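Some notes on the structure that comes next.
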Amino acid sequence: MSDHSFKLPLLAGRKKLPVLPGQQKGVQYGVIWDACPIPERGSCYIVRFETAMTVSILAYVDNHGGVFHVDHPITLAPAGNPDVVAVPDANGHAGTLYVKDSRDDLQPHGRYRGAFSGTMREVADVATWNTQRSLTYRPFMASVYLRFCVLDNALRPRRVGTSTVDVAPRPLGRQVQLFHDFTSVALPDAIAAMLYRIDAQQDPSGIERFARRVLGAIDCDRLRAIVAKCPVTLVRIDRMDGFYLVFDRDEVDAADQGFLLSVEAAINRVYRVLVAMGFGLRAVTASPSEEACSLLDQRSFVSVTSSVKSVLADATSPNGWACPGAVSCVPGGDWDMRTRFAACCEALNFTVRFEYNFRCDAAKKRFAVEFIAPDVDALPQGLYDQAAGAWHVLDDVERAAVAVEYADRMVLVVAAAAFASSLMLGSCTVVCLDRQTRSPQRAFQFDRTAFTAELVPLAERLDGAPLRGGAARKALEVYLTRAEMPVVQTPELFVAPRDDDRTLPPKLQRLLLADKASELEVMEAPDDPYMARLHALRDLMPYDRDRAVEGFVGLVGELEASCAAAELLSDRPLRSEFCESYLGRIVLPLVVDDPAVRIHRVPDALFFAQYELSDACFRAGDLDRALVEARKLLDMAATSMQAHFMMVNVLARLERFQEVVEVVRHGVRVAFERESLAYLYYRGAFAFWNLGNREAALACYCLVPENGRLGELVRSEMGPLMAEMGRSDRPDLDEVAATLHDEGLPVPPDPAVARQISDAAVLLADNSFLHLANRCVRGMWHIMGNDELGVISRSMMS
382 MSDHSFKLPL
392 LAGRKKLPVL
402 PGQQKGVQYG
412 VIWDACPIPE
422 RGSCYIVRFE
432 TAMTVSILAY
442 VDNHGGVFHV
452 DHPITLAPAG
462 NPDVVAVPDA
472 NGHAGTLYVK
482 DSRDDLQPHG
492 RYRGAFSGTM
502 REVADVATWN
512 TQRSLTYRPF
522 MASVYLRFCV
532 LDNALRPRRV
542 GTSTVDVAPR
552 PLGRQVQLFH
562 DFTSVALPDA
572 IAAMLYRIDA
582 QQDPSGIERF
592 ARRVLGAIDC
602 DRLRAIVAKC
612 PVTLVRIDRM
622 DGFYLVFDRD
632 EVDAADQGFL
642 LSVEAAINRV
652 YRVLVAMGFG
662 LRAVTASPSE
672 EACSLLDQRS
682 FVSVTSSVKS
692 VLADATSPNG
702 WACPGAVSCV
712 PGGDWDMRTR
722 FAACCEALNF
732 TVRFEYNFRC
742 DAAKKRFAVE
752 FIAPDVDALP
762 QGLYDQAAGA
772 WHVLDDVERA
782 AVAVEYADRM
792 VLVVAAAAFA
802 SSLMLGSCTV
812 VCLDRQTRSP
822 QRAFQFDRTA
832 FTAELVPLAE
842 RLDGAPLRGG
852 AARKALEVYL
862 TRAEMPVVQT
872 PELFVAPRDD
882 DRTLPPKLQR
892 LLLADKASEL
902 EVMEAPDDPY
912 MARLHALRDL
922 MPYDRDRAVE
932 GFVGLVGELE
942 ASCAAAELLS
952 DRPLRSEFCE
962 SYLGRIVLPL
972 VVDDPAVRIH
982 RVPDALFFAQ
992 YELSDACFRA
1002 GDLDRALVEA
1012 RKLLDMAATS
1022 MQAHFMMVNV
1032 LARLERFQEV
1042 VEVVRHGVRV
1052 AFERESLAYL
1062 YYRGAFAFWN
1072 LGNREAALAC
1082 YCLVPENGRL
1092 GELVRSEMGP
1102 LMAEMGRSDR
1112 PDLDEVAATL
1122 HDEGLPVPPD
1132 PAVARQISDA
1142 AVLLADNSFL
1152 HLANRCVRGM
1162 WHIMGNDELG
1172 VISRSMMS
């Protein structure tokens, strides 16, 4: 019995481990807890059982992945490096096992998958005791420690080559902020400044050397040339935990787009190493070697399939988009499927840009995804080869092979997201597109059962496997199919309301005040004869105003009579309304009190002829008549922003500012576009100021975007207003909201508008009215700003 043997209390927690390779006959190892003193954040002790109730303590295990050699109970956590430590990756689903070497430095000795709160299993190319079984945290850490630090050294996994990498962070004695000012100055200048700061150091840290290697390979002259002709902005996206370059694709050719995305990938590679080091955007105070940074960089690429199993498990998790407004979607229906997939994809954390589109049909259980495969330039040009103990530059052939392998591993993740969109989905197709031509390169067809049985285990084996081996490409060859995006949704689902004679389900009838989809049409027929007359009168206006005005009056009278006749002949209440857009028609019920009312579409020619009359009177200075015509315009177009703006302008010229405020109140109840809301609040601010209500005026000014078209004008007017008020600071959003609430105005958008559009989107999608659903989701995207809504909107386009 050992001199440090310890007798277990009767109620102590204990667990004996199975026999490990190399374990001496008659020796029994295990873990104990709740048996003796332990540090505050301790998990257990690793022990050797001397008898059933007596143990010798071998090591202490904390609850953060560390194992420390001790031979007696302790109360304070040990200082220094642990003997063994499991370090999770950023995604928390896998990590690296490190073992302390003879110099007390931690060296990587393998990979694991799983989480501390669940089960864990070692990942290795060669089978080991820990690769063959999943264990909970305590027995896993105990078995790894025993194998690496206690049992025969010959049984430890051997690394190819003799090189070791210094992975221990070394204190720098200074603070390093690599991305200082990256989002506030021009990108070429930000990169150049970073490289300058690194080069100015006599002894750059490992992370600085790595950043110099990666970002120093960027052709800054080419980047400057692109930025000079097209604005390129680097933004930080919290959800994807990375950086994103924003630029106008119409102004950049395909080759330059690929170059910009390679710059984005390079920046994100450095950032992900910073995250793996535990700093992220915070100042770096300790860094491992440049070689270790390269290994961390490689890890971000080779771990791409680590999330496949957890993504697939999301099929049974609650859908955060199931009820974006007041109406819940049909479980397993179209809205549920689309939002689950898009939300999942937007949360994926690829190092390279992930651009994708998809088509699905919940009723027919069809799903197809296409994404742009990463370009060769987005992959590393060189890396540290730990086996060879040297840096290795990849030639064009190697980089092309690595890019294909990485894309094929992305395919597994994307397919898992597709299957996670619905448990009812039996198969899916994933298509890889060429970055420059956008043409299909490869396509894969997956059956759900085969994917779960064969490819999920493959994804787990690929986690940590080098990309240069081409393992995914070889394994997926049997799933290759014709390289094209299959037809998933039938064309009938995308027809415009004018050509859609389907009856709306009762919930949509009540929500939209319509019985058939065709009643929701707002667009005029292209060959409408009245519009031809309108255009002729507009052309006449500069030459013969009186005759043109007389023509507009006649056109308005004729078309008003047709609307009145339609209302009189209807067998149910009918209201004639003009809507500028499909969304204007969707929100129209918010200003209709009677749910039995149905809507008769006011012809475009009637609205625009009425507008021309009001505008002609306004320009001529006949404000009294202009006001009469503007009221008629707003009466026939309750959701039209053009009608509201005309009314506001006439009233403001007449200095009837209280009525301006009333029109603004009405307008913001149905407005959903940012520019329209900005103009309404701008005019509201001026009206409130003239009414002596400076607080309300300032609150309205604060809701006009500073970087919008009215931003400069607002700044020039806010200064004098704040000077009158004796204020030097802008009110915060809470103060603005409280002030406007007292005036009957919401902070935009009005919750009722967002709810109406969201409810319509859910019901239209679940009932396969995709033409209108697309418009609603696009409106939700502009209102809420969630990226998944933009993806969902594109998925509903024919």
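Number 491 in the working numbering belongs to position 110 of the sequence shown; there are no gaps in the numbering.
Cβ atoms here follow ideal geometry from the backbone N, Cα and C, with glycine treated the same way.
These numbers come from a predicted model, not from an experiment.
*Start-to-end residues for the alpha helix (DSSP H) that takes in Thr1120*: Leu1114 to Asp1123
*Thinking C-beta only, is Phe1053 closer than 8 Å to Ile1138?*
yes
*Exposure of Asn1148, with buried meaning 16 or more beta-carbon neighbours within 10 Å*: buried
*What are the start and end residues of each continuous alpha helix (DSSP H) run of 4 or more residues lying completely inside the region 975–1059, in chain order?*
985–1001, 1004–1017, 1022–1034 and 1038–1049
*Who are His561's beta bridge partners in DSSP?*
DSSP output for His561 lists no bridge partner at all.
*With DSSP as the reference, please indicate the residues paired to Ile753 in a beta bridge.*
Leu814
*Are there 16 or more other CB atoms within 10 angstroms of the CB of Glu632, so buried, or fewer, so exposed?*
exposed
*By Cβ distance, which residues of its chain are closer than 7 Å to Val1095, with the 5 residues on each side in sequence left out?*
Tyr1063, Tyr1082 and Val1085
*asked:* Going by DSSP in three states, Thr543 sits in which element: helix, strand or coil?
replied: At Thr543 the pLDDT is 38, less than 50, meaning the model places this residue with poor confidence and gives no usable figure here.
_8 Å Cβ cutoff met for Met522 and Val448_ = yes
*asked:* Going by C-alpha to C-alpha distance, which of Arg650, Asn730, Asp1005 and Val812 sits closest to Ala759?
replied: Arg650
*Going by alpha carbons, who is nearest to Val903 out of Ile980, Val930, Leu949 and Glu873?*
Ile980
*What distance in whole Å lies between the Cβ atoms of Arg956 and Leu327, which are believed to be in contact at a cut-off of 8 Å?*
It is not possible to answer for residue 327, since the shown part of the chain is limited to 382 through 1179.
_For a test of your reading of the model: does the CB of Phe1067 fall under 7 Å from any non-hydrogen atom of the ligand NAP? Yes or no._
Looking for the ligand NAP in the displayed structure turns up nothing, as the structure carries no ligands at all.
*So, are the CB atoms of Ala1066 and Leu1121 less than 8 Å apart?*
no
_Of the residues Leu401, Leu1170 and Arg630, the one placed nearest Pro520, counting alpha carbons only_ = Leu401
*Please go through the same chain and pick out, in chain order, the residues whose beta-carbon is closer than 7 Å to the beta-carbon of Gln638, but skip the five residues on each side of it.*
Arg630
*Simplified DSSP state of Leu553, which is helix, strand or coil*: strand
_Segments assigned alpha helix (DSSP H), at least 4 residues, entirely inside the region 889–927_ = 910–921
*In whole angstroms, what is the alpha-carbon distance linking Thr871 and Met658?*
50 Å
*When Glu1093, Met1106, Gly1100 and Glu1087 are compared against Gly1073, the one with the closest alpha-carbon*: Met1106
*Could you spell out where the beta strand (DSSP E) holding Pro481 opens and where it closes?*
Note on identity: in this sequence residue 481 is Lys, with Pro being the wrong assignment. Counting along the chain, the beta strand (DSSP E) containing Lys481 begins and ends at Ala475 to Lys481.
*For Arg919, which option in Gly850, Arg790 and Asp996 has the closest C-alpha, if you only look at C-alpha atoms?*
Asp996
*In this structure, does DSSP put Gln638 in helix, strand or coil?*
helix
*Assuming Ala749 and Val869 make a contact with CB atoms under 8 Å, what is their CB distance in whole Å?*
5 Å
*Use the C-beta contact count for Pro1254: other C-beta atoms within 10 angstroms, 16 or more gives buried, fewer gives exposed.*
The chain is shown only over 382 to 1179; residue 1254 falls outside these bounds and no answer can be derived.
*For the beta strand (DSSP E) holding Val342, just list the boundary residues, first then last.*
This structure cannot speak to residue 342, because the chain is shown only from 382 to 1179.
*asked:* Nearest by alpha-carbon distance to Ser1179: which of Ala877, Ala840 and Tyr625 is it?
replied: Ala877
*Who are the Cβ neighbours of Glu350 in its own chain at under 6 Å, not counting the five residues just before and after it?*
This structure gives no information on residue 350, because the portion of the chain shown stretches from 382 to 1179.
*Under a three-way DSSP split, which group does Asn1071 fall into?*
helix
*Just mark Asp415 as buried or exposed, buried being the case when its beta carbon has 16 or more other beta carbons within 10 Å.*
exposed
*What are the start and end residues of the alpha helix (DSSP H) that includes Ala1154?*
Leu1151 to Met1165
*So does the region 606–622 actually touch the region 710–720, counting three or more Cβ pairs closer than 8 Å?*
no
*Rounded to the nearest angstrom, how far is the Cβ of Cys1157 from that of Ala1133, given a contact under 8 Å?*
With 8 Å as the limit, Cys1157 and Ala1133 do not qualify as a contact, their Cβ atoms being about 15 Å apart.
*Pair within 8 Å by beta-carbon distance, Thr720 and Asn738*: no
*asked:* Assuming Leu1145 is part of the alpha helix (DSSP H), what are its boundary residues?
replied: Pro1132 to Asp1147
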